[in-house]
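Report on the structure given below.
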Amino acid sequence: RVLENYKLECEGFKSGCQVKKGFSHLQHLRVGIAFLQETHLQKQDQTKIHRELVGQLFHSQFNSKGREVAILIHKNIPFVVSDTTLDPNGGYVIVVGQLFQLSLVFVNIYGPNFDYENFFKKLFSCIPSLDSHHLIMAGDYNLVINSVLDRSSQSVHGPSKLQQTIQSFIDTHKLIDPWRFEYPIKREYSYYSNMHKTFSRIDYFLG
Numbered sequence: 102r103v104l105e106n107y108k109l110e111c112e113g114f115k116s117g118c119q120v121k122k123g124f125s126h127l128q129h130l131r132v133g134i135a136f137l138q139e140t141h142l143q144k145q146d147q148t149k150i151h152r153e154l155v156g157q158l159f160h161s162q163f164n165s166k167g168r169e170v171a172i173l174i175h176k177n178i179p180f181v182v183s184d185t186t187l188d189p190n191g192g193y194v195i196v197v198g199q200l201f202q203l204s205l206v207f208v209n210i211y212g213p214n215f216d217y218e219n220f221f222k223k224l225f226s227c228i229p230s231l232d233s234h235h236l237i238m239a240g241d242y243n244l245v246i247n248s249v250l251d252r253s254s255q256s257v258h259g260p261s262k263l264q265q266t267i268q269s270f271i272d273t274h275k276l277i278d279p280w281r282f283e284y285p286i287k288r289e290y291s292y293y294s295n296m297h298k299t300f301s302r303i304d305y306f307l308g
């Protein structure tokens, strides 16, 4: 296999030792491309990772306590970058390039807990034409796409306007949720809301 894709929510690397251990774990798993959220990487950590642990690092940093995402590409993956877009608020990274003869767009998301519509509207507008590129869009969306299967308590109001917009984007570009494809009716969650006493699946890997 050429690629092993992996998504990890870091919840902040608090020391250089944690950074080294975290990325050594990725190396042990032989991950080719990693999508990370809540990295909280310091400048010296970014330099060290770039120099010692991976081939390419693309990091969208807001501030040391805010949302941050990163895409790591192992040095053995012959990915040639042609363009990058880094959200100044730390919510997403978009990397465009070529792997062999395949044109790819990698998008790593860490969605906000407010102003969802403007966030996704801006994100979708930054993604290049998918007529000529294949898209992989992963991360913590901070919302459920399918209210019936991805939330422990179902909404009586049906899908929201934003859910419909995201589903329309998925349908238009024929994206697949591999986990849901493999488990079409299974319920498994990645987040618990203590306020609402509900479980939900808000982490997705679409391509």
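Each position in the sequence shown, counted from 1, maps to that position plus 101 in my numbering.
The beta-carbon is built from N, C-alpha and C at its ideal position, and this holds for glycine as well.
Just so it is clear, the structure is predicted and the values come from calculations on it, not from any experiment.
- Contact between residue 208 and residue 195 holds: CB atoms are separated by about 5 Å, below the 8 Å threshold.
- Residue 199 has its alpha-carbon roughly 26 Å from the corresponding atom of residue 242.
- Shortest Cα-Cα distance from residue 187 to any of 290, 162, 229 involves 162.
- In this structure, the alpha-carbon of residue 189 lies about 37 Å from that of residue 286.
- Between the region 232-240 and the region 290-297 there are fewer than three C-beta pairs closer than 8 Å, too few to call the two in contact.
- For residue 171, the closest of 159, 245, 250 by C-alpha to C-alpha distance is 159.
- Secondary structure at residue 276: coil, using DSSP grouped into helix, strand and coil.
- Counted as a single uninterrupted DSSP element, the alpha helix (DSSP H) harbouring residue 224 occupies residues 217-227.
- Ranked by how close their Cα comes to the Cα of residue 279, the residues 300, 256, 238 have 238 in first place.
- The three-state secondary structure of residue 129, taken from DSSP, is helix.
- By the beta-carbon neighbour count (other beta carbons within 10 angstroms, threshold 16), residue 277 is exposed.
- A direct Cα-to-Cα measurement between residue 267 and residue 139 gives close to 23 Å.
- Comparing alpha carbon positions, the residue from 219, 205, 191 closest to residue 180 is 205.
- The continuous beta strand (DSSP E) containing residue 187 extends over residues 180-187.
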